[in-house]
Each structure stands twice: as C-alpha cells, then as structure tokens.
Amino acid sequence: MTTKNLVNIIVGGIQEQKGLRIVTADLTKIPNTICKYLIICEGNSNTHVNSIALKTKDYVREHAKEKPMAIEGFENCEWIIADYGDVMLHIMQRGPRAFYDLEHLWADAKLTEIADL
C-alpha cells in the first residue's frame, strides 16, 4: 500500500462520517518532517469528533488493513490525533482548529482542500 493510497482511504473514512473541511498537506518535499502527509478535518461537537476518529479507524482497518500506531485525544474530543506512521490525522473541533491553524503552520506544504460531501 502506498502512502498516497492510505491518504485516500483515510479521507474516505472521514467522508463516511461527514467530517468537514478536509485538508491534506503533502510534506514530501519538505526535509526532516515527522511524516509524509497530514490530514486535517473538523467535527461539529465532541460526539462528532469521537465518531469520526473511531469510524475512520475501523474504515482504514477494513479497507487498508492498517491500524494507527497511536491515537490521542479521546479525553475531551476537541482534538484527536491518529498516527499512521507516514500519515498523521488531526480531527478537530472548529475552535481549536482556528486557534492552532495547522494549515498556516504548514503553508509551505502542498495543501489540498477536499469539498464537503
């Protein structure tokens, strides 16, 4: 499985749960990054963020036979991070997403916005 295929499967899992404002950041041309891709998306509430994280994990396991190496953030479900090695998934509520503005921090990466379904 290529990293790009994994990114597409993760995005598919997010879309299944109606994740919002999905952005992928291609970090492959940036030296010394912790991963090759970031995926950032948004949920409307703690419940929605939790659901996106759990269902996407199941979707990726079913379609890519991959499990995250770690998942953090279920304590308050404002920002959940799933580590798939070469791909880091950030599922955030609107407030934390606006505050931390990861897209701006990685503006030198190739950012791709994916339309909401």
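In my numbering, the protein residues as written are 49 to 165. Just so you know, even glycine gets a beta-carbon here, dropped at the ideal spot from N, CA and C.
- Along the alpha helix (DSSP H) that carries Leu102, what are the first and last residues, could you check? 94-112
- Note the first and the last residue of the continuous beta strand (DSSP E) segment covering Gln141. 135-141
- Message: Run through the DSSP bridge pairs and tell me what Leu75 is partnered with.
- Response: DSSP lists no partner for Leu75.
- Query: Under the rule that 16 or more other beta-carbon atoms within 10 Å means buried, what is Gly143, buried or exposed?
  - Reply: exposed
- Query: Which residues in the same chain as Ala130 place their Cβ atom closer than 6 angstroms to its Cβ, once the five residues preceding and following it in sequence are excluded?
  - Reply: Pro116, Ile119, Leu137
- Within 10 angstroms of the Cβ of Gly61, are there 16 or more other Cβ atoms? Answer buried if so, exposed if not. buried
- Gly167 lies in the alpha helix (DSSP H); which residues open and close that run? Because the chain in this structure spans residues 49 to 165, residue 167 falls outside the shown range and cannot be described.
- Message: Do Ala73 and Leu86 have their beta-carbon atoms positioned less than 8 angstroms apart in this structure?
- Response: yes
- Message: Between which two residues does the beta strand (DSSP E) holding Leu159 run?
- Response: 158-162
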